[in-house]
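First up is the structure itself, then whatever we jot down about it.
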């Protein structure tokens, strides 16, 4: 599972919504489970799938004419059990309701 924020650098406008939409469509077409947030996207999948997708996202934006792209990436792995991003959120909410 990764959390990624892709940023264009050195363009005429500070707005990134066009590029975010392009990236989100590309991720959607990858078939991997993902969730868009206000400052990034969580992508769920195997290591090779998500790391390959990062490179593809950069290449896609370069092909769209963006000369410089930077990504902030947080990668998490767990081998003792399968757990989705939603599972992690749900367990925290349950604990909050219970008062720990």
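Numbering (the UniProt record's numbering), first residue to last: 1 to 100.
We put the beta carbon where it would ideally sit given N, CA and C, even for glycine.
Every value quoted in this text rests on a predicted model; they were computed, and no experiment measured them.
A distance below 8 Å separates the beta carbons of residue 8 and residue 61. Closest option to residue 48, judged by alpha-carbon separation, among 2, 99, 89 and 97: 2. Taking a 10 Å sphere around the C-beta of residue 91, we find fewer than 16 other C-beta atoms and assign the residue as exposed.
Boundaries of the alpha helix (DSSP H) harbouring residue 93: 85-98, taken from the DSSP string. Shown here for residue 53: same chain residues with a beta carbon closer than 6 Å to its own, the five before and five after excluded, namely 30 in chain order.
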